[in-house]
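Heads up: the sequence shown begins at 3 in the numbering used here, then just goes up one per residue. For each residue, glycine too, the CB sits at the ideal point set by N, CA and C. Reviewing the structure listed below.
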Amino acid sequence: IGISKEGMDFIPEKKVLSNVMKIRSRSPILEVNNRYDTEKIILYRKILYLDRRKLNELSLYLTPGINEILRLNVDSFIQKMDDPEVPLFIPDENKGYAIINGERIYYINLIMQLSSENETAYRRYRILLNRKGIKAIENLS
């Protein structure tokens, strides 16, 4: 009833479309940091073609669309992360400073381009994680 193809590559920033970089919306602090340690960019592609006529022939019910479930295995990222707790020094009137435990968080920015015959849409998500796992997923679209 159709074709599905997918692939993944690490790509340099210069190969990222300018409108995708605009959607990515890097902070000035990250831009400065990237002079020393650049972000790793993964391009994941999936092409899905469904033959509407064949789909209609196979089903007694109308199929208005499909749901795609994207699973991203972050185990290899997590293994290379630092300890999730980091000591932070804050001013203290009595001792001069106090130590509190902060939480180290890493971010994965996910920008999806969804295209059909008639239109193209973009969605942006930010995945917050540390060595203990995924903390949150923010929809920034």
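Hey, G4 and Y51: beta-carbon distance below 8 Å or not?
Yes. Within cutoff.
Which value, in whole angstroms, describes the spacing of the CA atoms of F12 and L45?
Between F12 and L45, the C-alpha separation is close to 6 Å.
Taking the C-alpha atoms as reference points, what is the distance between E15 and G98?
Near 44 Å, if we compare the C-alpha coordinates of G98 and E15.
At what residue ranges does the segment 37-82 contain a whole run of the alpha helix (DSSP H), taking only runs of 4 or more?
Segments of the alpha helix (DSSP H) lying fully in the segment 37-82: 54-60 and 77-81.
Which two residues bound the contiguous alpha helix (DSSP H) that contains K24?
Segment S20 to R26, the alpha helix (DSSP H) holding K24.
Taking 8 Å as the cut-off, does the segment 110-119 touch the segment 82-99 (at least 3 CB pairs, one atom from each stretch)?
Flag = no, the segment 82-99 and the segment 110-119 do not touch.
Identify, in the order they occur along the chain, each residue of the same chain with its Cβ nearer than 7 Å to the Cβ of K137, setting aside the five sequence neighbours on each side.
Excluding sequence neighbours, K137 sits near I107, L130 and L131.
Using 8 Å for Cβ pairs, my map puts K7 next to I71. What's the rounded Cβ distance?
Contact flag wrong, Cβ pair sits at about 17 Å.
Ordered along the chain, which non-local residues of its own chain (more than five positions away) have a Cβ less than 8 Å from that of L90?
Within the same chain, L90 has close Cβ partners I101, I102, N103 and G104.
Look at the alpha carbon of Y63 and the alpha carbon of N141, and state the distance between them as a whole number of angstroms.
Taking the straight line from one Cα to the other gives about 32 Å.
Taking just the CA atoms, how far does F79 sit from V88?
The straight-line gap from Cα to Cα measures roughly 18 Å.
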